[in-house]
Amino acid sequence: MSVMERPEVVESAAVSPAQEPQKREVLLDLANVSLSFGGVKAINNISFDIQRGEVRAIIGPNGAGKTSMLNVINGFYQPQEGQITFKGERRTQMKPHLAVSQGIARTFQNVALFKGMSTLDNIMTGRSTRMRQNMFWQLLYYGPAQREEIAHRKRVEEIIDFLEIAHIRHTPVGKLPYGLQKRVELARALAMEPELLLLDEPMAGMNLEEKEDMSRFIIDVNEQLGTTIALIEHDMGVVMDLSDRVVVLDYGRKIADGPPDEVQANQEVIDAYLGVSH
Amino acid sequence: MFYRVSGQFKTSYESDMALFPIRQDAVLLGVILLAMYVVFPLFASEFTFKALLVPVMIYSLAAMGLNILTGFAGQLSLGTAGFMGVGAYACYKLTTIFPEMNVVVALLLSGCFSAMVGVAFGLPSLRIKGFYLAIATLASQFFLVWLFEKWAWLYNYNASGAIEVRTMDFFGLVVTGPTAAPVTQYYFVLVIVSLITFCMINLTRGRYGRLWKAVRDMDIAAELVGINLMRAKLSAFAVSSYVVGVAGAMLVFFWKGAAEPNLFDIPLSFQVLFIAIIGGLGSILGNFLGAILIVALPVLLNFVPGLIGVEVNSATLEHVNVMVVGALIVGFLIAEPHGLARLWALIREKLIIWPFPH
Ligand SMILES: Nc1ncnc2c1ncn2[C@@H]1O[C@H](COP(=O)(O)OP(=O)(O)OP(=O)(O)O)[C@@H](O)[C@H]1O
Ligand SMILES: [Mg+2]
Chain D
216 MSVMERPEVV ESAAVSPAQE PQKREVLLDL ANVSLSFGGV KAINNISFDI
266 QRGEVRAIIG PNGAGKTSML NVINGFYQPQ EGQITFKGER RTQMKPHLAV
316 SQGIARTFQN VALFKGMSTL DNIMTGRSTR MRQNMFWQLL YYGPAQREEI
366 AHRKRVEEII DFLEIAHIRH TPVGKLPYGL QKRVELARAL AMEPELLLLD
416 EPMAGMNLEE KEDMSRFIID VNEQLGTTIA LIEHDMGVVM DLSDRVVVLD
466 YGRKIADGPP DEVQANQEVI DAYLGVSH
Chain G
27 MFYRVSGQFK TSYESDMALF PIRQDAVLLG VILLAMYVVF PLFASEFTFK
77 ALLVPVMIYS LAAMGLNILT GFAGQLSLGT AGFMGVGAYA CYKLTTIFPE
127 MNVVVALLLS GCFSAMVGVA FGLPSLRIKG FYLAIATLAS QFFLVWLFEK
177 WAWLYNYNAS GAIEVRTMDF FGLVVTGPTA APVTQYYFVL VIVSLITFCM
227 INLTRGRYGR LWKAVRDMDI AAELVGINLM RAKLSAFAVS SYVVGVAGAM
277 LVFFWKGAAE PNLFDIPLSF QVLFIAIIGG LGSILGNFLG AILIVALPVL
327 LNFVPGLIGV EVNSATLEHV NVMVVGALIV GFLIAEPHGL ARLWALIREK
377 LIIWPFPH
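Here it is in structure tokens:
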């Protein structure tokens, strides 16, 4: 069975001299994870890992279970089976807000911004878990609460500059075009200063120029900030350019795992994308 | 021309985050505060205090409390009056059990009781949303009024079943009861409303405001950016009920002087809800604008026939009044569904660029 053979490919890729040594530490490890909704097996006994510092692409046809995979990683869904190890620690119960405080942030397939708030406020919500001043100081505002607000504002302004969205700082996000909304969402995730950033189709619905911008930002985040990235993307060109390793899902199963060029040449992957029956 | 922003540059995050990024806003507020603190007390009549200024401020405060919950945190409540009642009865019991307690302390403490009750009734919001939550708050409304009626301990076993505010003083100055001067009561209400408004502006522009708005706009996403939904929702219930409770206590202690349980029934809840909606959900200023429209306008309209020399009997006047105010409400909502606060924001924007269009 080919699913069983794939991990060997990973092994050989990992020990190949081309692989940089600092990418060897495993940040997140999933072992035999399964998730089902009623009768639907969204994730079927999947194992793979994400190494610190890499861009890990997750690809597959529609309904393959990619988004479900991210939802399991950030604790939005509890898998019925399998083990998840993050930063060397076996995970038991997980909630999304705990995942955030452990260093996992994400963006969404359908933009999930706070429509009634400005760009700045949206990004500031990403700092929520780091803000400490209690209700009493918040009521007074001037003093500790304001100092904290300014300190976080400075970090947020750095991200705003980094993603080149200074001009829309005070604009309500509901009024922004789709491409910019996606960028604000990335900014909000970066404001959480994650170690692992989960991006669910960050370029869906974008034109070529916007895609190029977004690709550049993802590379910058990975290289300059050193953030590990798990990326779901349908555009194969983008996946080939950006990712270090690719895992391919189909009908909730893992059908391939390895470097982009290898995965692209894999017959089972080609079949899955062309819709050949199994 | 007056709202000119040229020459005003922001050089620090403090100034960008300031309450009044534009100097003219501060001036306008200064004028309003001067009128409220100095001009009205000097010139206003007893009637103006009792029928206009004090009610407008108390209703504004109640609407502000509701707005925290519904406008900022997105949790619709139809039970505001019940929580006002909790504040009023708590203040009544505090001042009878501890006769020595300072009335202002009792007033501010009574909000803590309504906050606790608010959190208890807010617990369902962790499981249910929208329409169903509104029904749950409506149930709390019925339950509380029933409690005010049946639990005789609450009204000290008075034969009338009503609570009556006795004469109390604040360091020698009589502030409650029939002998209190309206201007004194006005000042107390004004100071407390100013203080709470300042605190609510601070809360809503900082961390809590963002938590609440995030929950309102998309609770799932809020959870996924690390916001603890339970804490965000319950804090909104607590703060909202606190403010509403203090408003309820002031309603009885500084305005009506006495209250029966049915004062805190559904009509009051809806009146406060109207003020919040017409003023603008998610706005602090809007509550004051809404209260002026809904509380003060009907009083002022009573004078119109006299001013233009027409004789109308009072029953007819009442009907005409209801119709005019109703039409105005519908008109405002059609013109600006986001309320008077948004209307003011648009006018302000026009003033900033006036007289140059664009
Ligand atoms: N909350 C849910 N309840 C029931 N079924 C679900 C739920 N979420 C996902 N599924 C099912 O799980 C399967 C995998 O869905 P998922 O969203 O993970 O796919 P995907 O790979 O992200 O697809 P796409 O490319 O369309 O985004 C689908 O069959 C979907 O219908
Ligand atoms: Mg998906």
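Chains as they are written, first to last, in our numbering: chain D, 216 to 493; chain G, 27 to 384.
Just so it is clear, CB atoms sit at the ideal spot from N, CA and C, and this is done for glycine as well.
Is it a yes or a no for the region 391 to 405 of chain D touching the region 372 to 381 of chain D, going by three-plus beta-carbon pairs under 8 Å?
The region 391 to 405 of chain D, when compared against the region 372 to 381 of chain D, does touch it at the 8 Å Cβ threshold.
What does the Cβ neighbour count give for P236/D, buried or exposed, with the cut at 16 atoms within 10 Å?
The pLDDT assigned to P236/D is 49, lower than 50, so where the model puts this residue is not dependable; a value taken from the coordinates is nonetheless given after this. Taking all protein chains in view, the Cβ of P236/D is surrounded by fewer than 16 other Cβ atoms within 10 Å, so the residue is classified as exposed.
Residues near Y118/G by beta carbon distance below 6 Å, same chain, minus five either side:
Only I189 meet the Cβ criterion.
For my contact list, A314/D and G341/D are in at a C-beta cut-off of 8 Å; report their separation, rounded to the angstrom.
Their Cβ separation, rounded to whole angstroms, is 14 Å, which puts A314/D and G341/D out of contact at 8 Å.
Quick one, which of F290/G, M83/G, G365/G and Q167/G has its alpha-carbon nearest S309/G's?
Proximity to S309/G across F290/G, M83/G, G365/G and Q167/G peaks at G365/G, based on C-alpha coordinates.
Classification of E427/D by the beta-carbon crowding that lies within 10 angstroms, buried from 16 upward:
E427/D comes out exposed.
Can you tell me the Cα-Cα spacing of W172/G and A162/G, whole angstroms?
Rounded to the nearest angstrom, the two C-alpha atoms are 15 Å apart.
Quick one: what does DSSP say Q298/D is sitting in, helix, strand or coil?
In the structure shown, the three-state DSSP call for Q298/D is strand.
Near D291/G, which residues of its chain fall below 7 Å by C-beta distance, leaving aside the five closest residues on each side in sequence?
Scanning its chain for C-beta atoms nearer than 7 Å, with the 5 sequence neighbours on each side dropped, one finds around D291/G the residues A107 and V171, in chain order.
Identify the contact partners of R321/D in chain G, using a Cβ-Cβ distance below 8 Å as the criterion.
Within 8 Å of the CB of R321/D, the CB atoms of chain G belong to L250, in sequence order along the chain.
So for R505/D, helix, strand or coil by DSSP?
In this structure chain D extends from 216 to 493, so residue 505/D is not present and cannot be described.
Taking 7 Å as the cut-off, does the CB of S103/G come closer than this to any heavy atom belonging to ligand 1?
False, no ligand heavy atom lies under 7 Å from that Cβ.
Beta-carbon proximity list for V454/D, same chain, < 7 Å, skipping 5 on both sides
Closer than 7 Å at the Cβ level, and outside the excluded window around V454/D, lie A272, I274, E448, V461 and P475.
Is it right to say L372/G is buried, meaning 16 or more other beta carbons lie within 10 angstroms of its own, or is it exposed?
By the neighbour-count criterion, in which a residue is buried when 16 or more other Cβ atoms sit within 10 angstroms of its Cβ, L372/G is exposed.
Would you tell me roughly how many angstroms separate the C-alpha atoms of M407/D and L359/G, rounded to the nearest one?
Their Cα atoms are separated by approximately 39 Å.
Use the C-beta contact count for F205/G: other C-beta atoms within 10 angstroms, 16 or more gives buried, fewer gives exposed.
It is Thr, not Phe, that sits at residue 205/G in the sequence shown. When all chains shown are included, T205/G counts as exposed.
Please return the same chain residues whose Cβ sits closer than 7 Å to the Cβ of D486/D, not counting the five positions on each side in sequence.
Cβ neighbours of D486/D beyond the five flanking positions: none.
Could you check whether the Cβ of Y356/D sits closer than 8 Å to any Cβ belonging to chain G?
Interface residue, yes.
Using 8 Å as the cut-off, can you tell me whether the region 190 to 201 of chain G makes contact with the region 247 to 267 of chain G, which would need three or more C-beta pairs spanning the two stretches below that distance?
These segments do not touch.
For K238/D and Q353/D, what's the separation of their Cα atoms in angstroms?
Any reading at K238/D needs caution, since the residue's pLDDT is 48, under 50, leaving its predicted position unreliable; the model's value is listed next. One C-alpha to the other measures close to 43 Å.
Please tell me whether, using a cut-off of 7 Å, the distance from the CB of D450/D to the nearest non-hydrogen atom of ligand 2 is below it.
Checking the Cβ of D450/D against ligand 2 gives no.
In three-state DSSP terms, what is F385/G?
Nothing can be reported for residue 385/G: it is not among the residues displayed for chain G, which extend from 27 to 384.
Is the beta carbon of T282/D within less than 7 Å of some heavy atom of ligand 2?
True, at least one ligand heavy atom lies under 7 Å from that Cβ.
Scan the region 38 to 64 of chain G for residues whose Cβ lies nearer than 8 Å to a Cβ of chain D and list them as they occur along the chain.
For the region 38 to 64 of chain G, which is checked against every Cβ of chain D, the residues closer than 8 Å are Y39, E40 and M43.
Give every residue of the same chain whose Cβ lies closer than 7 Å to the Cβ of G358/D, excluding the five residues on either side of it in the sequence, and list them in chain order.
Around G358/D: W352.
Would you mind telling me which residues of chain G sit closer than 7 Å to D444/D, beta carbon to beta carbon, in chain order?
In the sequence as displayed, the identity of residue 444/D is Ile instead of Asp. Simply none; closest approach about 17 Å.
Is K390/D buried or exposed, if buried means 16 or more other CB atoms sit within 10 Å of its CB?
The residue in question, K390/D, is exposed, as its Cβ has fewer than 16 Cβ neighbours within 10 Å.
Given that a residue counts as buried once 16 or more other Cβ atoms are within 10 Å of its Cβ, and exposed if not, what is G420/D?
Result: exposed.
So with CB distances below 7 Å, who are the chain D contacts of R368/G?
Within chain D, no C-beta atom comes less than 7 Å from the C-beta of R368/G; the nearest is roughly 12 Å away.
With a Cβ-Cβ cutoff of 8 Å, do L413/D and I319/D count as a contact?
Taking 8 Å as the Cβ cut-off, L413/D and I319/D qualify as a contacting pair.
First and last residue of the alpha helix (DSSP H) that includes D264/D?
Per DSSP, D264/D belongs to no alpha helix (DSSP H); it is in the beta strand (DSSP E), V255 to Q266.
What are the partner residues of R468/D, as DSSP defines its beta bridges?
Beta-bridge pairing links R468/D to D465/D.
Check whether the Cβ of V247/G sits closer than 7 Å to any heavy atom of ligand 1, and report yes or no.
It should be pointed out that residue 247/G corresponds to Ala in this sequence rather than to Val. Placement of the Cβ of A247/G at a distance of 7 Å or more from every heavy atom of ligand 1 is found.
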